[in-house]
Each structure stands twice: as structure tokens, then as C-alpha cells.
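Residue numbers (the working numbering), protein chains in the order written: chain B, 13 to 443; chain F, 178 to 455.
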């Protein structure tokens with residue numbers, strides 16, 4: 013009797029295991045399938061609001077047309093519980109959710125996020141789209157969108173037909189920027205420390221150019237050159253010349269005229285500054301800033317993984333680019349490593365990704381250092397912090413701004429509703 | 178009857194295969210639950226140059242690819258962490274299977290003339306021993322490493338001699354199959370470079386597929402073709418991007434004076450002919 017009993021239990025356990033594995037398989041088969049990509053590492057918007065998605069997993073870049081309604085008002089994002097919202101929408105655990113990049117749709121101000129569902133090598137990726145008006149999340153339909161794709165050639169296979177791609181070798185696409193009919197693609201190889209900058213014509217055709225090498229000078233006295241991969245970049249007109257401003261893995265900030273970037277060319281980049289050591293650049297944006305005296309100045313902001321951001325006037329970048337000694341670049345190695353370039357810091361050390369949202373604001377994906385959660389929130393350009401992250405005397409209901417603080421009060425009255433706290437705007441009366 | 182009483186029920190002939198199967202299934206489940214382990218760290222040598230640029234850590238299972246670089250530490254002789262030694266990149270460099278992580282020693286400290294190098298010097302000091310400590314990393318199933326892994330090494334003076342094919346020794350294969358092709362190098366080379374940047378091509382220009390082994394502390398490259406060698410001429414193609422662990426490649430030093438590269442263009446190919454005889 014006893015033996016019968018144990019066999020039955022064992023069979024029941026096996027049956028339950030088999031049944032539950034079938035149920036798991038079934039639950040992954042849902043309507044989100046049309047949104048799945050094999051990978052999504054980097055995002056960039058291009059002409060007619062096409063979204064470029066760099067997929068390191070397949071070595072491809074997809075161009076996905078998007079549809080959006082124009083939003084003109086500066087509507088802020090205040091999603092302080094964003095990772096949990098997104099995980100709930102996908103019915104998964106936040107610890108299995110990976111967010112690789114964030115870009116703002118230029119027309120609708122919707123946030124586009126490259127996400128990966130799970131840590132496994134074959135876990136699918138998706139593009140989540142967040143609307144600032146409703147806070148709703150949807151997922152971009154990739155299959156029905158009329159997307160086009162191109163493979164990013166390995167420089168090795170371009171050199172000689174039989175240089176094989178070995179399975180252990182991979183190229184991570186780290187940045188994409190569009191300018192005047194071309195996308196510029198930077199990547200990091202896991203097996204070589206070399207430049208991997210490509211220029212790919214869009215709409216996609218056979219045309220794809222890879223520079224042979226980019227050497228950057230990094231110290232004038234010894235005239236040392238080096239091979240180094242670009243980590244993040246921005247394209248802007250500098251002194252009237254379309255220029256790639258690149259931040260390297262070894263921290264120098266380098267300018268390269270776009271016209272130099274062509275097939276097989278050996279490009280010489282010009283080092284205009286060092287952004288400080290022990291530092292990894294994350295994102296780079298340019299924006300027009302209104303100064304205290306009312307004048308306008310274009311700024312370059314580089315956010316860093318372990319430091320405050322670096323804020324530089326584009327006028328200073330132009331000066332450093334045009335007035336340096338030929339290709340030698342930096343002429344002074346200042347203790348801060350900034351040469352002649354004035355760099356101010358911005359409090360963006362918890363920012364994982366940043367993009368221009370509208371004329372007034374940037375959007376940031378940042379880690380809340382107390383909860384560990386991810387926030388999708390807007391910040392004012394130039395300020396780069398949220399008042400609600402700090403408790404100050406201004407928050408007390410009894411606090412009264414004196415006359416000298418008229419400007420501060422005006423600023424606080426604007427920023428508090430923007431961060432979702434209209435009730436904290438103090439009354440008009442002043443002492 | 179007596180025999181039946183003494184033998185446990187599960188040893189009866191009818192049940193034995195079922196019970197054994199169940200034990201095997203349970204053992205397999207148990208095995209899956211144990212954490213991943215570090216299989217190997219390249220370079221495998223325990224003496225490494227002061228200007229070391231890259232290392233590779235190989236794991237037994239696919240690993241999570243974010244948040245790991247904070248958990249990989251370089252410790253000095255006193256057991257203190259050498260801060261900023263390992264380049265904490267935004268994107269971690271994993272292979273497609275997520276079993277190999279590439280570590281880059283902060284290039285700003287390796288290169289001469291950069292502020293980090295001038296202010297902090299190189300992370301590694303000649304004559305001292307260090308250990309690379311890998312702990313707390315998790316598999317894609319959230320399983321932590323079974324145990325911390327330590328690689329101890331002594332630091333020797335910097336390696337500023339680019340690899341040079343003229344110093345390599347080629348031992349051609351024998352047709353009787355007793356030996357594959359062996360190439361010997363005077364100093365260690367980068368294991369990924371050795372897998373990727375050396376190719377055997379036959380007389381008609383076709384790539385010869387085969388198995389590569391990299392023994393003796395990455396100082397040798399062994400090649401065994403899938404099909405037996407034929408008598409005649411073969412070529413070993415070497416791409417000049419082939420590098421050593423300090424980032425020096427066949428075209429010149431990692432950190433080189435302007436205009437000192439051997440070839441104008443990076444990635445040129447060198448062709449070394451060899452004969453397969455009886």
C-alpha cells in the first residue's frame with residue numbers, strides 16, 4: 013500500500029511541473045508580439061520623425077516611421093514611480109526590466125524608451141512610448157510600421173572577405189545621430205580598442221562608409237596619438253562647419269568636421285578639452301539657453317556616469333576648435349584638464365539618460381537614490397534639478413519671501429506646479 | 178516471502194527505473210539551482226604588464242549584463258580597492274551568449290599625457306601584486322556567483338613593444354596528422370585577437386575552417402583543420418589589428434608618437450606562406 017502512495021505523489025509532482033511549463037509558454041504568446049525587436053540599445057529621431065533603433069544584438073539599425081500629434085505646450089513629466097508603472101504594464105518584475113535609452117519625439121514630446129524584457133540573451137526588446145499629457149504607456153508596433161533595416165558591417169569583414177565574425181566577438185552600438193541624409197553610428201567592440209565610426213546613408217541603400225581609423229591627439233608636447241572608440245556624440249554647426257563633437261572612452265572631448273568622415277579615411281580628431289578622469293560620458297545634448305542678461309547662448313551638456321554633468325558654451329567650443337594650433341588641439345593641460353575651455357558642472361549625477369523635451373525643459377530618466385526606483389521626470393534647462401527632491405525652508409507654509417527674493421519666488425512659483433505640487437505655491441502676499 | 182520483506186519496495190524490479198529517473202531529474206534540478214562560476218580570466222598569466230589594457234572574464238552561464246562593473250574590483254597588496262582602475266562603462270561589453278565580460282583598465286590612466294595619467298599615474302605599480310576580485314554577479318536567473326573569484330598577479334614593467342611577425346616561429350603541420358599548425362610568440366597576445374585576426378587560407382584563396390587552441394599563456398596558437406591538410410602551399414593571414422593585452426597592435430604601439438605607425442592604414446593584412454609536406 014505504501015509503495016503505491018509514493019509513486020502517485022511522484023507522478024503528480026511531474027504532472028504539475030509539465031503543466032506549469034506549458035502555461036508559462038502560453039502566457040508569453042500575447043498581443044505585444046508586434047512590438048518585439050531582437051534588441052534595442054540606442055535610439056535617435058531622424059527626418060519625418062522616423063525613429064532609428066540601434067540593435068546591438070542583431071547588428072542592425074531599424075528605421076521605424078512614427079505617427080504623432082503635435083504638442084506645443086511644455087507639459088512636464090512627473091512619473092516618479094516609472095519603473096513600477098512600466099513593469100505593471102508588462103506584467104513583470106522591475107528587476108527584470110532593462111531601460112537602455114530615452115529620446116523625445118520632436119513633434120508630440122512623447123518619451124520613447126528602448127527596453128529589454130528580461131536578462132536572458134534572447135529576451136526581446138521593445139519601444140515603450142509615454143504620453144506626457146495622460147501618462148499612458150503604449151508599445152510601438154514594429155511589424156506593421158513599414159520599418160526598414162540595415163546591417164552594420166563589421167570593419168573586419170569589410171577589409172577582407174574571409175575575416176570571420178567569431179561568436180564571442182560583439183559590437184555594441186553606443187550612439188546614433190542623424191545629419192543631412194546620413195546617420196553616424198558609434199560602437200564599442202568587446203575585442204578591440206579601436207574606432208568604429210560608420211556613416212550610413214538614409215533612406216537605407218547599399219551605401220555605408222566606415223572610417224579606417226580615428227586618431228586623436230591627446231598631449232601636445234609629446235604629440236601622442238591614440239586609437240580610441242567614441243562613447244557618445246552630438247552633431248552641431250560649430251563656427252559654420254557641421255561638426256561631430258565626440259566624447260571618448262578616455263574622457264577627451266574631440267571635434268571632427270563631418271566632411272572628414274568617409275570610407276577608408278584616417279581621420280584626425282582635435283582634442284579641445286578633457287572632461288576629468290574617473291568619468292564615463294553618457295549622453296550629449298545641445299540647447300539654446302537664455303542667460304541672466306536676456307541674451308541667448310547655445311550650450312553643450314555632457315552627462316556623466318560618476319560625476320556631475322559638464323556644461324560648455326558652444327561659442328567656447330568654436331573658439332577652441334578654430335583657434336587651437338592646427339591639429340594639435342589642447343595647448344595647455346590645466347590641472348582640471350579643461351585647457352582654456354570654461355566648463356561648469358550641472359547636478360546630473362543620478363541621471364541615466366537625458367534628452368531635450370521642449371525649449372524650456374529636458375526629460376531625464378534618473379535613479380532615486382533613496383528608493384532605488386527609476387523616475388521619468390522633466391527638469392528646467394539650466395537648473396537641472398528638481399526642487400521637490402530637497403526639503404528646504406521654502407516648503408514650510410509659514411515661510412514668507414522677502415522683497416529681495418522676488419525672483420526666487422517667481423522661479424519657485426513656476427517650478428512647483430511643474431513638478432506636480434501646485435498646492436505648495438505660496439500666496440502672493442509678501443512681507 | 179522473506180526476500181520480499183527484506184528488500185525495500187523501491188528496489189523492486191518494476192519500480193527501479195522510475196525511481197532512478199526521478200533521482201536524475203531531481204539531481205538535474207539541484208544542479209541548475211547552484212550558482213554560476215568563473216571559468217577563466219584572460220590573460221591567463223600571473224605576471225602582467227603595468228600598462229595592461231584589457232582582460233576577459235569567462236562564466237559558466239549567461240549572466241546579467243548591467244550593474245556588474247561596480248562589483249568587479251582590483252585590490253592592491255593591502256587588500257584595498259584601487260579606485261577608478263577598471264573603466265566603468267555605461268554599456269558593459271559582453272559576448273552574444275552573455276558568458277564573457279570584457280574589462281578595460283581605464284585608458285585615461287594607461288595613456289601617457291592625459292590628466293588622469295599625470296595626476297594618478299597608472300593603476301598598476303611594477304613589482305606589486307594585485308588581485309582581481311569578482312563577486313556578487315548574477316546569472317540571468319538571478320543566481321549569484323557560487324563563490325567570489327580571485328585572480329592574483331604580479332605587475333612587470335610596461336609592454337611597449339608592438340607584436341612583430343618577424344619574431345614569430347611557425348611550425349608547419351604534418352600531413353600524417355601527428356601535428357597541427359603551431360605558431361609561437363615571444364610574448365602573450367590578446368586571446369580574442371588570436372581567435373579573430375589569424376586565418377588560414379589555402380592556395381585557391383579559400384578560408385580553411387578548423388579548430389583553434391590558445392595554450393601556454395596565450396603565447397601559442399594551434400590550428401587543426403576540420404579536413405586533413407593537403408600537400409602544398411597554404412597561407413596564414415594576419416590582420417594588423419591583432420593586439421596584445423596592452424593594446425599594442427601589429428601596426429604600432431597603443432600610445433604612439435604622431436606619424437610612427439608602420440602602415441598608414443590600420444587593418445592591413447600580412448600573408449605568411451607555409452608548405453605542408455609529407
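Positions of the beta carbon are idealized from the N, C-alpha and C atoms, including for glycine.
Values in this document were obtained by computation on a predicted structure and should not be read as measured data.
For this session: Could you spell out the range, first to last residue, of the beta strand (DSSP E) harbouring residue 64(B)?
Result: Along the first chain, read from residue 1 onward, the residue named residue 64(B) stands at position 52. Where residue 64(B) is concerned, the enclosing beta strand (DSSP E) stretches over 63-67.
Exercise. Beta strand (DSSP E) containing residue 388(F): first to last residue?
Worked result: On the second chain, residue 388(F) is found 211 positions in, with the first residue counted as 1. Boundaries of the beta strand (DSSP E) around residue 388(F): 387-390.
For this session: Look at residue 225(F) and residue 281(F) and say whether their C-beta atoms are less than 9 Å apart.
Result: Taking the first residue of the second chain as position 1, residue 225(F) is located at position 48. Taking the first residue of the second chain as position 1, residue 281(F) is located at position 104. Not closer than 9 Å, so no.
Exercise. From the DSSP output, which residues share a beta bridge with residue 360(F)?
Worked result: Sequence index remark: in the second chain, residue 360(F) carries index 183 (1-based). According to DSSP, residue pairing for residue 360(F) in a beta bridge involves 347(F) and 398(F).
Exercise. Going along chain B in order, which residues have a C-beta closer than 8 Å to the C-beta of residue 279(F)?
Worked result: Within the second chain, numbered from 1, the residue matching residue 279(F) stands at position 102. What residue 279(F) touches in chain B: 202 and 203.
For this session: Quick one: measure Cβ to Cβ for residue 58(B) and residue 214(B), integer angstroms, because I've assumed they're closer than 8 Å.
Result: By one-based count along the first chain, residue 58(B) stands at place 46. By one-based count along the first chain, residue 214(B) stands at place 202. With a Cβ gap of about 6 Å, residue 58(B) and residue 214(B) count as contacting.
Problem set entry | For residue 181(B), three-class secondary structure by DSSP | Residue numbering aside, residue 181(B) sits at position 169 when the first chain is read from its first letter. Three-state result, residue 181(B): coil.
Problem set entry | Buried versus exposed, by CB contacts within 10 Å (16 or more), residue 365(F) | Within the second chain, residue 365(F) is the residue found at index 188, counting from 1. Around the beta carbon of residue 365(F), 16 or more other beta carbons sit within 10 angstroms, so the residue counts as buried.
Problem set entry | Residues in the segment 241-257 of chain F having any Cβ partner in chain B nearer than 9 Å | Residues passing the 9 Å Cβ filter: 241, 242 and 243.
Exercise. Does the beta carbon of residue 418(B) sit closer than 9 Å to a beta carbon anywhere in chain F?
Worked result: As a position in the first chain, residue 418(B) is number 406, starting the count at 1. Chain F, which has no Cβ nearer than 9 Å to the Cβ of residue 418(B), makes this no.
Exercise. Counting only beta-carbon atoms, is residue 326(F) nearer than 9 Å to chain B?
Worked result: In the second chain, residue 326(F) corresponds to position 149, counting from 1. Taking Cβ atoms only, chain B never reaches closer than 9 Å to residue 326(F), which makes this a no.
Problem set entry | Nonlocal neighbours in the same chain, by C-beta distance under 6 Å from residue 313(B), ignoring five residues either side | Numbered from 1 along the first chain, position 301 holds the residue referred to as residue 313(B). If the five residues before and after residue 313(B) are omitted, its C-beta is found closer than 6 Å to the C-beta atoms of 297, 321 and 323, all from its own chain and listed in chain order.
Exercise. In terms of residue numbering, what span does the beta strand (DSSP E) encompassing residue 293(B) cover?
Worked result: For the purposes of this step, residue 293(B) is taken as residue 281 along the first chain, with counting starting at 1. Where residue 293(B) is concerned, the enclosing beta strand (DSSP E) stretches over 293-302.
Exercise. Does residue 319(B) come within less than 9 Å of chain F when only Cβ atoms are used?
Worked result: Counted from its first residue, the first chain places residue 319(B) at position 307. No, no contact with chain F.
For this session: Please list, in chain order, all residues of the same chain as residue 101(B) whose beta carbon is under 6 Å from its beta carbon, the five residues on each side excluded.
Result: Translated into the one-based positions of the first chain, residue 101(B) becomes position 89. Excluding sequence positions up to five before and after residue 101(B), its CB lies within less than 6 Å of the CB of 149, all in the same chain and listed in chain order.
Problem set entry | Cβ of residue 294(B) within 9 Å of any chain F Cβ | Taking the first chain and counting its residues from 1, one reaches residue 294(B) at position 282. Judged by the 9 Å Cβ criterion, residue 294(B) is in contact with chain F.
For this session: To the nearest angstrom, report how far apart residue 126(B) and residue 53(B) are at their CA atoms.
Result: In the first chain, the residue the question calls residue 126(B) occupies position 114. In the first chain, the residue the question calls residue 53(B) occupies position 41. It is roughly 6 Å from the alpha-carbon of residue 126(B) to the alpha-carbon of residue 53(B).
For this session: Look at the Cβ atom of residue 106(B), then the Cβ atom of residue 95(B), and state whether they are nearer than 9 Å.
Result: Along the first chain, one-based indexing puts residue 106(B) at 94. Along the first chain, one-based indexing puts residue 95(B) at 83. Result yes, Cβ atoms of residue 106(B) and residue 95(B) sit closer than 9 Å.
Problem set entry | residue 103(B), buried or exposed, once every other Cβ within 10 Å from all chains shown has been counted against 16 | Along the first chain, read from residue 1 onward, the residue named residue 103(B) stands at position 91. Its Cβ having fewer than 16 others within 10 Å, residue 103(B) is exposed.
Exercise. Helix or strand or just coil, what does DSSP make of residue 60(B)?
Worked result: Residue 60(B) sits at position 48 when you count from the first residue of the first chain. Three-state DSSP puts residue 60(B) in a helix.
Problem set entry | For residue 424(B), three-class secondary structure by DSSP | Position 412 of the first chain, counted from the start, is the residue given in the question as residue 424(B). Residue state, collapsed to three classes: helix.
For this session: Mind listing the chain F neighbours of residue 92(B)? Cutoff is C-beta to C-beta under 7 Å, in chain order.
Result: The sequence position of residue 92(B) within the first chain is 80, counting from 1. What residue 92(B) touches in chain F, judged by beta-carbon distance under 7 Å, is nothing: the nearest beta carbon there is about 21 Å away.
For this session: Spell out whether any CB of chain B is found under 9 Å from the CB atom of residue 456(F).
Result: No information on residue 456(F) is available, as it lies outside the stretch 178 to 455 that chain F covers here.
Problem set entry | Residue span of the alpha helix (DSSP H) that contains residue 373(F), given as start and end | As a working mapping, residue 373(F) is identified with position 196 in the second chain. 368-373 is the span of the alpha helix (DSSP H), which, as asked, contains residue 373(F).
Problem set entry | Environment of residue 416(B) [buried if 16+ CB atoms lie within 10 Å] | In the first chain, residue 416(B) corresponds to position 404, counting from 1. By the 10 Å Cβ count, residue 416(B) comes out exposed.
Exercise. In whole angstroms, what separates the C-alpha of residue 261(B) from that of residue 56(B)?
Worked result: Here residue 261(B) refers to the residue found at position 249 of the first chain. Here residue 56(B) refers to the residue found at position 44 of the first chain. Cα atoms of residue 261(B) and residue 56(B): separation of roughly 21 Å, rounded to the nearest angstrom.
Exercise. Using a beta-carbon distance cut-off of less than 8 Å, what residues from the segment 103-115 of chain B approach chain F?
Worked result: For the segment 103-115 of chain B, the set of residues with a beta-carbon nearer than 8 Å to any beta-carbon of chain F comprises 107 and 110, in chain order.
Exercise. Where DSSP assigns a beta bridge to residue 285(B), which residues make up the other side?
Worked result: The sequence position of residue 285(B) within the first chain is 273, counting from 1. Here residue 285(B) is bridged, per DSSP, to 265(B).
Exercise. Taking 9 Å as the CB-CB limit, is residue 335(F) close to chain B?
Worked result: Looking up residue 335(F) in the second chain gives position 158. Closer than 9 Å: no.
Exercise. Shorter than 9 Å from the beta carbon of residue 420(F) to some beta carbon of chain B?
Worked result: Locating residue 420(F) in the second chain gives position 243, where the first residue counts as 1. At least one chain B Cβ lies under 9 Å of residue 420(F).
Exercise. Does DSSP put residue 445(F) in a helix, in a strand, or in coil?
Worked result: In the second chain, counting from the first residue as 1, residue 445(F) sits at position 268. Under the three-state reduction of DSSP output, residue 445(F) falls in the coil class, being neither helix nor strand.
Exercise. Of the choices 122(B), 110(B) and 120(B), whose alpha-carbon is the least far from that of residue 129(B)?
Worked result: As a position in the first chain, residue 129(B) is number 117, starting the count at 1. Closest by alpha carbon: 110(B).
Exercise. How do the segment 307-322 of chain F and the segment 238-253 of chain B stand: do at least 3 beta-carbon pairs fall below 8 Å, yes or no?
Worked result: No, the segment 307-322 of chain F is not in contact with the segment 238-253 of chain B.
Exercise. Given a limit of 8 Å on CB to CB distance, which residues of the segment 263-285 of chain B reach chain F?
Worked result: Those would be 263, 264, 276 and 278, in chain order.
Exercise. How many angstroms separate the CA atom of residue 246(F) from the CA atom of residue 69(B)?
Worked result: For the purposes of this step, residue 246(F) is taken as residue 69 along the second chain, with counting starting at 1. For the purposes of this step, residue 69(B) is taken as residue 57 along the first chain, with counting starting at 1. Answer to the nearest angstrom: the Cα atoms are 20 Å apart.
Exercise. Start and end of the beta strand (DSSP E) containing residue 319(B)?
Worked result: In the first chain, the residue the question calls residue 319(B) occupies position 307. No beta strand (DSSP E) holds residue 319(B); DSSP gives it neither H nor E.
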